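What follows is a short report on a single structure.
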Amino acid sequence: MYVIPSQDIAGHCLHAFTQLVPASRAAFYCVDRQLQAHDFSLHGMSGEMHRDYLDNYRQFDPLQPRNYVSSDLAVVPLGLAMARQPIRDSHRYRHFLQRYDVVDVVEVFAHWGSRPQAAISLLRTAEQGVFTSEQLTQLAALQALLQLAVANLPPQDDSLSSLTPKERQIALLLRQGVSNKELARELDVGLPTVKTHLINLFRKTGVSNRTELVSSLFL
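Position one of the sequence shown corresponds to residue 1 (the UniProt record's numbering), numbered consecutively onward.
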């Protein structure tokens, strides 16, 4: 059976959702067995904003997949999510959103069994305003299509399950054949830090170079 590549699924889903329910920025991502978001596909969102989120604010995000295990919620507005976490964390996350002129966020989850398998995050700026109740109803209808699309995602690779999100990001970039300089730019770190990351990753996976790492994890 032919399996649609995950990037194709992400692109089609982002296009459909943002055409029907306009959003200034959006992201499609998969969810691993540790309930961490990974393999992000971005729409209208800068790399700077995305890195800032991953490095400094993800832990304060009330819409993280880990908060919606065994939940019947599939379309989660920001206000509802914030009401379910400590106020100080909500304030920190709101600060992040304000830095990028975001006034509202909605997360749409696709579940496999009792846990989220993938999701789309939709963000709106002050110019667009908050999502209306009618638009939330539209997203609830679209969620069924997301659920069907995610059913075509390739199975998750157990070889990546022992890696941290940062290590997984590096491994996936190495599979694309990026150089150390490109890694440094993507991770927003210096070359010495990239080399340290690589050494630690090689040691953790029991390999000695990039080629062996890619073969071990992906072939």
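Just so it is clear, CB atoms sit at the ideal spot from N, CA and C, and this is done for glycine as well. Only a predicted model underlies this, so the values are computations on that prediction, with no experimental measurement involved.
In angstroms, rounded to a whole number, what distance separates the CA positions of residue i and residue j?
i                 : j             : result
glutamate 167     : glutamine 64  : 19 Å
arginine 115      : tyrosine 68   : 7 Å
valine 31         : alanine 10    : 13 Å
glutamate 212     : arginine 33   : 24 Å
glutamine 143     : valine 150    : 10 Å
proline 86        : aspartate 72  : 22 Å
leucine 183       : aspartate 39  : 16 Å
histidine 197     : threonine 132 : 44 Å
serine 216        : tyrosine 53   : 30 Å
leucine 80        : glycine 47    : 27 Å
phenylalanine 202 : serine 208    : 6 Å
valine 130        : leucine 191   : 41 Å
isoleucine 199    : arginine 84   : 40 Å
alanine 141       : aspartate 8   : 21 Å
valine 194        : methionine 82 : 35 Å
leucine 35        : arginine 66   : 5 Å
aspartate 61      : leucine 42    : 17 Å
valine 178        : alanine 74    : 36 Å
Kindly indicate which residue of the options has the alpha-carbon position closest to the one of residue i.
i                 : options                           : result
glutamine 117     : Gln147, His95, Leu183 and Ala126  : Gln147
alanine 37        : Thr196, Arg210, Gly11 and Thr164  : Thr164
leucine 78        : Ser71, Ser70, Gln128 and Val102   : Val102
arginine 210      : Ala81, Asn180 and Pro22           : Asn180
leucine 160       : Phe131, Lys204 and Val75          : Lys204
phenylalanine 218 : Arg175, Ala81, Ile199 and Ser70   : Arg175
glutamine 123     : His50, Val214 and Leu201          : It is leucine, not glutamine, that sits at residue 123 in the sequence shown. That would be His50, whose Cα lies nearest to the Cα of leucine 123.
glycine 44        : Ser24, Asp52, Tyr53 and Pro62     : Ser24
serine 70         : Gly113, Val130, Leu145 and Gly177 : Gly113
histidine 111     : Tyr29, Leu198, Gly47 and Gln19    : Tyr29
alanine 26        : Gly177, Ala140 and Thr125         : Thr125
proline 22        : Gln128, Asp61, Leu35 and Tyr53    : Gln128
isoleucine 120    : Tyr53, Asn200 and Val76           : Val76
leucine 20        : Gly206, Ser162 and Leu145         : Leu145
glycine 206       : Arg88, Ser162 and Leu42           : Ser162
Pick helix, strand or coil for residue i, following the three-state DSSP scheme.
i             : result
arginine 115  : strand
leucine 54    : helix
arginine 210  : helix
leucine 174   : helix
proline 192   : helix
alanine 81    : helix
alanine 16    : helix
alanine 29    : Sequence inspection shows tyrosine at residue 29; the alanine mentioned does not correspond to that position. If DSSP states are grouped into helix, strand and coil, tyrosine 29 belongs with the strands.
alanine 151   : coil
tyrosine 2    : Residue confidence is low: tyrosine 2 scores 36 on pLDDT, short of 50, so the model does not pin down where it sits. No coordinate-derived value is stated.
threonine 164 : coil
glutamate 48  : helix
aspartate 101 : coil
alanine 110   : strand
### At least three beta-carbon pairs within less than 8 Å, the stretch 126 to 141 to the stretch 102 to 109
Verdict: yes, contact present.
#### Entry: Contact the stretch 168 to 175 vs the stretch 183 to 203: 3+ CB pairs below 8 Å
yes
### Message
Does the contact criterion of 3 or more C-beta pairs under 8 Å hold for the stretch 84 to 98 versus the stretch 54 to 61?
### Response
Contact holds: three or more Cβ-Cβ distances are below 8 Å.
### Query
Just checking, does the stretch 11 to 21 make contact with the stretch 80 to 94 on the three C-beta pairs under 8 Å criterion?
Cβ pair count under 8 Å is below three, so no.
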